[in-house]
Amino acid sequence: ITSSRCSDPFLSPSRAPSHPPQQPPAVGDGPAEVGNKAGQSLRCRSPLSNSAEDAQPPSGQTQRVGNYRLLKTIGKGNFAKVKLAKHTLTGQEVAVKIIDKTQLNTSSLQKLFREVRIMKVLNHPNIVKLFEVIEMEKTLYLVMEYSSGGEVFDYLVAHGRMKEKEARAKFRQIVSAVQYCHQKHIVHRDLKAENLLLDADMNIKIADFGFSNEFTLGSKLDTFCGSPPYAAPELFQGKKYDGPEVDVWSLGVILYTLVSGSLPFDGQNLKELRERVLRGKYRIPFYMSTDCENLLKRFLVLHPLKRGSLEQIMKDRWMNVKHEDDELKPYLEPSLDIGDTKRIDFMVGMGFAREKITKSLSEMKYDDITATYLLLGRKQEMGDGSDSGSTQSLSIKPRASSDVHNGSSGSAAAHGKVQRSSSAAQKQHRHGERGG
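Residue numbers for the sequence shown follow this note's numbering, so the first one is 76 and each next one is one higher.
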């Protein structure tokens, strides 16, 4: 399998889950076997790799940035890494993406800040939440929600295909989140199992908005990005597109992968994969229900205008089995709760000025104040440190300096136990986008 980052046409190795289902009867071209004959699984190219050897900072050395104590490296690329961190004021775990801006050209920086801008406007329970943006002269730190359950991809590798009941629960969350993005005129453009994370309660969190963009109906996008096994036919053909329809195709591939543990389209090389995608033929596993098969046919349609809209998909029979009284509907984003007096009073006790708290929240600055407020809210939701979840019972910790402390800093090398072939540099470069 090959994989790609934007308009360099799909050049890198890909990986698929390694639990093959029983061979289904042929309807057309065969699906990707989940793993190769040598027993090795292939992952769709991604810029960050899990790290085993860099699991802990060197002994006696500490790492801190702002109000965060940096812990183990959980992802790494050439110009960026992701670290698990703890917010020292609330004790909440977060993921901190650390990006070396000095390695990025002007165009790449613009695309990076577009990703940040998009993440700031997204507020959905199944999308990774941004808490804080810390910008230094040479480094950008993105503080985000930590999803301790890992990738859906790795879940499939470990457990094999999902029963349809489980797949439905996950897929309803995925569709809800993507439809929410579309209604805000944002297209993801890199939906795949590797970019679907799981939280501690096994809820979906869509991640990696590095290829996302705003779209306007009637104005075409022409950046060709994504991972080839999940890419829509029109991307292989180099055609311009509106936006949502390429996500809809990718969702069809994801549904097939959840239910079967394999990819619907694959090949020994890019040419073979392209031919199979453009034919639009795939095998239907014998264990797949008719309702699920019919739903797939609404996603994996060669002509983009004939694919179902996500609003229509939400009403599909398979999507709502056992949910007849709770039909999936577009997510109604609640107004931001920026007036929680208990949290604000608690933050004043931490040493924050009340006027600055009010200003930061009213403008949603995504600074240390915004992050502390949002993380205190998470702590309340989980009931940490209290039988009632009230912030009144939280112990007040003094505010830390906002400087970066380089105990082992970004110079410590990280070695991935599962090495992905794409670098974070390629992630930020977006491979020469052409206007989209």
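Even for Gly, the Cβ is constructed at its ideal location relative to N, Cα and C.
### Query
Hey, how far is the Cα of Ala244 from the Cα of Leu273?
12 Å
### Query
Taking the alpha carbon of Leu215 as the point to measure from, which residue in Tyr230, Val191 and Gln387 has its own alpha carbon closest?
Residue Val191 is the option with its Cα nearest to Leu215.
### Query
So Leu451 packs on Thr165, CB below 8 Å; how close in whole Å?
With a Cβ gap of about 6 Å, Leu451 and Thr165 count as contacting.
### Task
Decide if Gln343 is buried, meaning its Cβ has at least 16 other Cβ atoms within 10 Å, or exposed.
Exposed is the call here.
### Query
What residues are listed by DSSP as bridge partners for Ala160?
Beta-bridge pairing links Ala160 to Leu145 and Val169.
### Query
Can you tell which of Ile388, Cys367, Gly424 and Lys381 has its C-alpha closest to the C-alpha of Glu241?
Cys367
### Query
Given a threshold of 16 other Cβ atoms within 10 Å of its Cβ, counted over all protein chains shown, does His257 qualify as buried or as exposed?
buried
### Query
Taking Ser302 as the reference, which of Ser294, Phe311 and Leu296 has the closest Cα?
Phe311
### Task
Note the first and the last residue of the continuous alpha helix (DSSP H) segment covering Leu407.
Looking at the DSSP string, Leu407 is not in any alpha helix (DSSP H), and its letter there is neither H nor E.
### Task
If I'm right that Leu330 touches Phe246 with Cβ under 8 Å, what's the distance once you round it to whole angstroms?
So it is a contact: roughly 6 Å between Cβ atoms.
#### Entry: Of the listed residues Leu436, Lys404, Lys280 and Glu347, nearest to Ile413 (C-alpha basis)
Of all alpha-carbon atoms in Leu436, Lys404, Lys280 and Glu347, the one lying nearest the alpha-carbon of Ile413 is that of Leu436.
### Query
Distance, Cα to Cα, Thr445 vs Thr433?
Approximately 10 Å, taken between the alpha carbons.
### Task
Would you check if there are 3 or more beta carbon pairs closer than 8 Å linking the stretch 288-295 to the stretch 345-358?
Too few Cβ pairs lie closer than 8 Å, so no.
### Query
How is the beta strand (DSSP E) around Thr214 delimited, first residue to last?
Thr214 to Glu220
### Distance between Leu231 and Asp283 (C-alpha atoms, nearest Å)
19 Å
### Same chain, Cβ closer than 8 Å to Lys259, neighbours up to 5 away in sequence not counted
Val196 and Leu197
### Query
So, Pro379 versus Glu309, is the Cβ gap smaller than 7 Å?
yes
### Query
What is the residue span of the alpha helix (DSSP H) that Leu333 lies within?
From DSSP, the alpha helix (DSSP H) with Leu333 extends over Pro319 to Ser335.
### Query
Would you report the Cα separation of Gly313 and Met389, rounded to the nearest angstrom?
29 Å
### Which of helix, strand or coil DSSP assigns to Asp420
helix
### Task
Indicate, with yes or no, if the ligand PLP has a heavy atom lying under 6 Å from the CB of Pro304.
The ligand PLP is not among the ligands present in this structure, which contains no ligands whatsoever.
### Query
When burial is assigned at 16 or more other CB atoms within 10 Å of the CB, is Met457 buried or exposed?
exposed
### Message
According to DSSP, is Ala428 part of a helix, a strand, or is it coil?
### Response
coil
### Query
Gln248 lies in the beta strand (DSSP E); which residues open and close that run?
DSSP places Gln248 outside any beta strand (DSSP E); the residue lies instead in the alpha helix (DSSP H), whose first and last residues are Glu239 to Gln258.
### Query
Who are Ile444's beta bridge partners in DSSP?
DSSP lists no partner for Ile444.
### Message
Please classify Asp420 as buried or exposed, where buried requires at least 16 other C-beta atoms within 10 Å of its C-beta.
### Response
exposed
### Task
With a threshold of 16 other CB atoms inside 10 Å of the CB of Thr298, please say whether the residue is buried or exposed.
It counts as buried.
### Message
Taking a contact to mean a Cβ-Cβ separation below 7 Å, would you say Ile249 touches Ile279 in this structure?
### Response
yes
### Message
Let me confirm a value: Met211 is counted as buried when at least 16 other C-beta atoms fall within 10 Å, else exposed. Which label applies?
### Response
exposed
### Message
In whole angstroms, give me the CA-to-CA distance for Arg80 and Cys300.
### Response
Residue placement at Arg80 cannot be trusted, given a pLDDT of 41 that sits under 50; the coordinates are not used to answer.
### Query
DSSP three-state call for Ala233: helix, strand or coil?
helix
#### Entry: Contiguous beta strand (DSSP E) assignments of at least 3 residues, all confined to the stretch 250-304
Complete beta strand (DSSP E) runs here, min 3: 271-273 and 279-281.
### Rounded Cβ spacing between Glu226 and Lys204 (contact assumed at less than 8 Å)
About 17 Å separates the two Cβ atoms, so there is no contact after all.
### Query
Based on the DSSP secondary-structure assignment, which residues constitute the bridge partners of Glu207?
Val218
### Query
Just how far apart, CA to CA, sit Ser384 and Val321?
Computed Cα separation, rounded: 11 Å.
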